[in-house]
Structure formats: structure tokens, C-alpha cells
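Residue numbers (my numbering), protein chains in the order written: chain A, 337 to 448; chain B, 423 to 537.
So the structure is just underneath, and the comments pick up after that.
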Amino acid sequence: DGGITQSPKYLFRKEGQNVTLSCEQNLNHDAMYWYRQDPGQGLRLIYYSQIVNDFQKGDIAEGYSVSREKKESFPLTVTSAQKNPTAFYLCASSMGDNRKAFFGQGTRLTVV
Amino acid sequence: AQTVTQSQPEMSVQEAETVTLSCTYDTSENNYYLFWYKQPPSRQMILVIRQEAYKQQNATENRFSVNFQKAAKSFSLKISDSQLGDTAMYFCAFTFSGNTGKLIFGQGTTLQVKP
Chain A
337 DGGITQSPKY
347 LFRKEGQNVT
357 LSCEQNLNHD
367 AMYWYRQDPG
377 QGLRLIYYSQ
387 IVNDFQKGDI
397 AEGYSVSREK
407 KESFPLTVTS
417 AQKNPTAFYL
427 CASSMGDNRK
437 AFFGQGTRLT
447 VV
Chain B
423 AQTVTQSQPE
433 MSVQEAETVT
443 LSCTYDTSEN
453 NYYLFWYKQP
463 PSRQMILVIR
473 QEAYKQQNAT
483 ENRFSVNFQK
493 AAKSFSLKIS
503 DSQLGDTAMY
513 FCAFTFSGNT
523 GKLIFGQGTT
533 LQVKP
């Protein structure tokens, strides 16, 4: 079945650690996105990528990094510079522009 | 700046009744697209309905329909014959041509369908 897979579902991070969230899609979509969801707020864009080896910052990119070495994969690293990383992270993909976006099931990151 | 506003943080409806969720947006773009996404307790984001701004006809998907008022920049979602499985958070979202598919989301409305 085609879709987007995020892993892990739950992730715990110690202070000062970097952690990487995985996002893989087999929909052959060009564009991929990372969103952050906090309670009482809508989703906010962290990073996005339209093609392999290219990505751009979204509205809240500070403390995060990404790579796009393969079309299917768009991992997100939450660095120690991100001061408030506890949140729900959603990955999405689309054919770009105004096509509908498909979402993964999300990763819940908690700082311990 | 493009913004999306959902003014109803929480709503409830009795099973089998009809409920309308509100959404307003602000943009100077002419060619844009509006969406309603559903996020049930599983937290999977599911597209409910999509509306192209250049189309005058309101989009409909089974029990879900929208009231798109372009001049007023309003995009409400009507759920008819509400079912317990409709219990979820609903997000209104917006994008426009040339925005590379990036979505701008409202704050969400939590809908509780009561038996």
C-alpha cells in the first residue's frame, strides 16, 4: 500500500541530545514537509523540500535540521538548540503546489 | 501575510444532527485552495474536503459540504447526519498557487459527537 511512514511513534530525548525523526514515502511525491503541532495551536511548518538535495526553512526552523538525499526520505533532526522540542511532529508529502497533502501518523517527542 | 482563523475551539453535536464549523482566512492572492482536515484521536490527519477558489460551486463529499463565501473570505464546513466517528479535531487550511504546497493551518476546532 502507498503511504507515508513515520517512526518512531514515541520518542524521548534527554536534555542536550540530538534526535532524528524518520519519514519515508512510497507515493513518488516530489514535495515533502515537516510540521509541528502544539496543544491549542494549528500545525506550523518547520522545513520543506520540493526536490532531492534541496530544502527550505519554514516558519519555525530554528533548532531543527533536515536532509533530502533520496526522494522517498526526509528525516528531521531536532537539535539541542531547540529549547522547547516537546511536541507532536507530522510529516507530509504531495505532488506540490496545490495538490492534496498526505500525512504520516506522527511522532510524539518528549524531553525527559 | 496569509492567516486562517477558526473561532470555535470546541463544539458538540448530537448524533444524527447537523453541525457547522467556521473558518475565515485572509489573503491577497486570487488563485488559492482551501481544505478541511480531520484529526481523530489516532492523530492521523485525513483530508475531508477541498475547494478551489476559482470554482463558484461549493464542494461536497458525502455528508460533508462547505459554504465558500469568497468575498467574505469564509469557508465553513457542514457535517450532516453526524456520526460518532466524526468526533475529532478539524483543521481549516489554505494554500495558494506558487506556495509549493505549503499549508497554512487554523488553530483547530474540537468536535464531540454525543450519542
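Glycine included, C-beta positions come from ideal geometry on N, C-alpha and C.
One question on the structure: do residue i and residue j come within less than 7 Å of each other, judged by their Cβ atoms?
i: Ile471(B); j: Phe486(B); result: yes
i: Tyr455(B); j: Glu474(B); result: yes
i: Tyr425(A); j: Leu357(A); result: yes
i: Ile382(A); j: Ala367(A); result: no
i: Leu446(B); j: Lys500(B); result: Note that residue 446(B) is Thr in the sequence shown, not Leu. Cβ distance not < 7 Å, so Thr446(B) and Lys500(B) don't count as in contact.
i: Asn354(A); j: Thr415(A); result: yes
i: Thr440(B); j: Ser498(B); result: no
i: Arg380(A); j: Phe391(A); result: no
i: Gly378(A); j: Gln424(B); result: no
i: Glu437(B); j: Pro537(B); result: yes
i: Thr532(B); j: Gln428(B); result: no
What is the rounded straight-line gap between the Cα of residue i and the Cα of residue j?
i: Tyr369(A); j: Pro375(A); result: 20 Å
i: Thr522(B); j: Val535(B); result: 35 Å
i: Leu445(A); j: Gln478(B); result: 42 Å
i: Tyr384(A); j: Val448(A); result: 28 Å
i: Gly352(A); j: Ala428(A); result: 27 Å
i: Leu506(B); j: Val435(B); result: 10 Å
i: Leu363(A); j: Gln461(B); result: 21 Å
i: Arg465(B); j: Ala510(B); result: 9 Å
i: Gln491(B); j: Gln430(B); result: 18 Å
i: Asn452(B); j: Asn420(A); result: 37 Å
i: Ala423(A); j: Gln386(A); result: 25 Å
i: Ala481(B); j: Asp508(B); result: 18 Å
i: Phe348(A); j: Leu412(A); result: 15 Å
i: Lys407(A); j: Arg435(A); result: 17 Å
i: Asn389(A); j: Phe457(B); result: 29 Å
i: Tyr512(B); j: Phe439(A); result: 15 Å
i: Pro463(B); j: Cys359(A); result: 21 Å
i: Ser444(B); j: Gln361(A); result: 32 Å
Where do the ends of the beta strand (DSSP E) carrying residue i lie?
i: Ile387(A); result: Leu379 to Ile387
i: Asp448(B); result: Thr446 to Asp448
i: Phe513(B); result: Ala510 to Phe518
i: Tyr476(B); result: That residue, Tyr476(B), is in no beta strand (DSSP E); it is neither H nor E in DSSP.
i: Thr531(B); result: Thr531 to Lys536
i: Met467(B); result: No beta strand (DSSP E) holds Met467(B); DSSP gives it neither H nor E.
i: Thr415(A); result: Note, Thr415(A): premise wrong, no beta strand (DSSP E); not H, not E.
i: Gln441(A); result: Unbroken run through Gln441(A): none, as it is neither H nor E.
Let me know if residue i comes out buried or exposed under the rule of 16 or more other beta-carbons within 10 Å of its beta-carbon.
i: Val402(A); result: buried
i: Ala493(B); result: exposed
i: Tyr346(A); result: exposed
i: Ser343(A); result: exposed
i: Gly339(A); result: exposed
i: Pro395(A); result: Note on identity: in this sequence residue 395(A) is Asp, with Pro being the wrong assignment. Counting Cβ neighbours within 10 Å, Asp395(A) comes out exposed, since fewer than 16 surround it.
i: Lys393(A); result: exposed
Have a look at the options and flag the residue whose alpha-carbon is nearest the alpha-carbon of residue i.
i: Phe516(B); options: Thr415(A), Cys427(A) and Ala437(A); result: Ala437(A)
i: Ser450(B); options: Gly528(B), Lys495(B) and Gly507(B); result: Lys495(B)
i: Tyr476(B); options: Phe513(B), Phe527(B) and Ser519(B); result: Ser519(B)
i: Ser430(A); options: His365(A), Val355(A) and Gly339(A); result: His365(A)
i: Tyr459(B); options: Cys514(B), Met433(B) and Lys524(B); result: Cys514(B)
i: Thr341(A); options: Arg435(A), Ser409(A) and Gln377(A); result: Ser409(A)
i: Lys350(A); options: Ala417(A), Arg435(A), Arg372(A) and Gly378(A); result: Ala417(A)
i: Ile526(B); options: Asn389(A), Gly440(A) and Arg372(A); result: Arg372(A)
i: Asp448(B); options: Phe457(B), Val426(B) and Ser504(B); result: Val426(B)
For residue i, which residues in chain E fall below 7 Å Cβ to Cβ?
i: Gly530(B); result: Absent from the structure is chain E; the protein chains it does hold are A and B.
Is any non-hydrogen atom of the ligand ADP found closer than 6 Å to the C-beta of residue i, if you look at the structure I gave you?
i: Lys345(A); result: The ligand ADP is not among the ligands present in this structure, which contains no ligands whatsoever.
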